[in-house]
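J.:
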Amino acid sequence: MNSITVSRQFQLTIPKKVREHMRIKVGQKLHVIAYDNIITLIPVRPIQEARGSLNNIKTSILRDDTDRV
C-alpha cells in the first residue's frame, strides 16, 4: 500500500507507481468523490478512449417496458 502526506497547502503527490499504472499525465483532471471516510480520485478520460469497450454487449435483451410486447 502506498501512503502520501498532505502538504501545508493541502496538496497531494500521487506516487509514481500509481501514476504509471493509472496512466495519469501532468495537467490531467481527476474527479474527487468523498464518501464516509473515503476519498476516491478518478481520472477524467476522453470519451474516445471508451470506443470499442462495449463490442460484445448483448443488445437483444429487454431494456424497459416499452420493449415488451
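The opening position of the sequence shown corresponds to residue 217 in my numbering, with each subsequent residue numbered one higher.
Beta carbons: idealized from backbone N, C-alpha and C, even for Gly.
All figures in this text were calculated on a predicted structure; none of them were measured in a lab.
#1: Quick one: residues in its chain with C-beta nearer than 6 Å to the C-beta of Ile249, no 5 flanking neighbours on either side, listed in chain order?
#2: Using a Cβ-Cβ cut-off of 7 Å (strictly less than) and excluding sequence neighbours within five positions of Leu246, which residues of its own chain qualify?
#3: For Glu265, which of Leu278, Ile277, Arg239, Asn253 has the nearest alpha-carbon?
#4: Among all the DSSP beta bridges, which residues are the ones paired with Ile258?
#5: What's the C-alpha gap between Asn253 and Val234?
T.: This is what the structure gives:
#1: Numbered from its first residue, the sequence shown carries residue 249 at position 33. The residues are Thr256.
#2: Position 30 of the sequence shown, counting from 1, holds the residue named residue 246. These residues qualify, in order along the chain: Leu257, Ile258, Pro259, Val260.
#3: For this step, residue 265 is matched to residue 49 along the sequence shown. The candidate whose alpha carbon is nearest that of Glu265 is Arg239.
#4: Position 42 of the sequence shown, counted from the start, is the residue given in the question as residue 258. Looking at the DSSP assignment, Ile258 forms a beta bridge with His247.
#5: Stepping through the sequence shown from its first residue, residue 253 is reached at position 37. Stepping through the sequence shown from its first residue, residue 234 is reached at position 18. Roughly 21 Å separates the two Cα atoms.
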